[in-house]
Each structure stands twice: as structure tokens, then as C-alpha cells.
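Read the structure below first, then the notes.
Residue numbers (the working numbering): -8 to 115.
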């Protein structure tokens, strides 16, 4: 019941932190494909941009690609997550993603981090 009282800004803040953490982890794992210039501020700003894209554009993209999502039993969501990461790197040039495959892997890592953080927060 307490969760219902949390607003949009709270969820955007959590999403922002999760995206930034996921980008940082992905840059560490995929260091040859994902670069942020070793500046923490770049990861924080890129996380905010990615969180805004996920909050505003992603629901529209998911709705428009619903047939592909259903046809692939949800696997097309990996492509959508990669697209949002690639868009964030396009909007914010300090975050450099070398190719779309790296963007898909980065989206997968961010999704795993999001799953872990959500599991931890919901357990409390």
C-alpha cells in the first residue's frame, strides 16, 4: 500500500540511478564497445537521458512493436532496450556505443541491474 503513494518523480529517480549504475557496469564489462571517458558525470547524465527515454518514448515504441514482441515471445524487447540505449548515446555524444550489438548487450545488462534492484527494493 505504501508503494502506491510514491509518485512519478520517485520512480524516475530510481530508474535514473538504475540506468546510471547499469551503464557504468556495462562500460566496465564491454570496455571496448561502451565508453564514457571515465567521467562519472557522463554516466549520471546519460543515465538521466536513458531514464527519460524509457519513461516517455519506450512505452510508445513497445505499443507500436507489440506484434513483433508477441511473435518473438518477448525477445524483441532486447532490441527495444538496445534501441533506447543507442538513442541515449545519440542524444548525448559523451556516451559512446560502438555498434547496435553493444547497445543491445548494454540494454541487457541494464535490465539485469534493474531486476536486481527491484527485487531488493520490493523485498523491503
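By construction, the Cβ of each residue, glycine as well, lies at the ideal position given by its N, Cα and C atoms.
In this text, all values refer to a predicted model and were calculated from it rather than measured experimentally.
Check: Does the contact criterion of 3 or more C-beta pairs under 8 Å hold for the region 74 to 93 versus the region 35 to 42?; Outcome: yes
Check: Just to confirm before moving on: does the CB-CB distance between residue 85 and residue 36 stay below 9 Å?; Outcome: yes
Check: What separation, rounded to the nearest whole angstrom, lies between the Cα atoms of residue 23 and residue 45?; Outcome: 25 Å
Check: Can you tell me whether residue 59 sits near the ligand GTP, meaning its C-beta is under 8 Å from at least one heavy atom of the ligand?; Outcome: This structure lacks the ligand GTP, and indeed carries no ligand of any kind.
Check: If you draw a straight line from the alpha carbon of residue 52 to that of residue 63, how long is it in whole angstroms?; Outcome: 16 Å
Check: List the whole-angstrom C-beta distance separating residue 13 from residue 95, where the pair is believed to meet the contact cut-off of C-beta under 8 Å.; Outcome: With a Cβ gap of about 13 Å, residue 13 and residue 95 do not count as contacting.
Check: Out of curiosity, what's the CA-to-CA distance linking residue 68 and residue 60?; Outcome: 7 Å
Check: Nearest to residue 70 by alpha carbon, out of 5, 98 and 87?; Outcome: 98
Check: In chain order, what residues of the same chain have a beta carbon less than 6 Å from the beta carbon of residue 17, not counting five sequence neighbours either side?; Outcome: 25, 97 and 100
Check: Would residue 110 be called buried (16 or more neighbouring beta carbons within 10 Å of its own) or exposed?; Outcome: exposed
Check: Exposed or buried, residue 6, counting other C-beta atoms within 10 Å across all chains shown (16 or more means buried)?; Outcome: buried
Check: Can you tell me the Cβ-Cβ gap for residue 9 and residue 105, rounded? I've got them flagged as a contact below 8 Å.; Outcome: 5 Å
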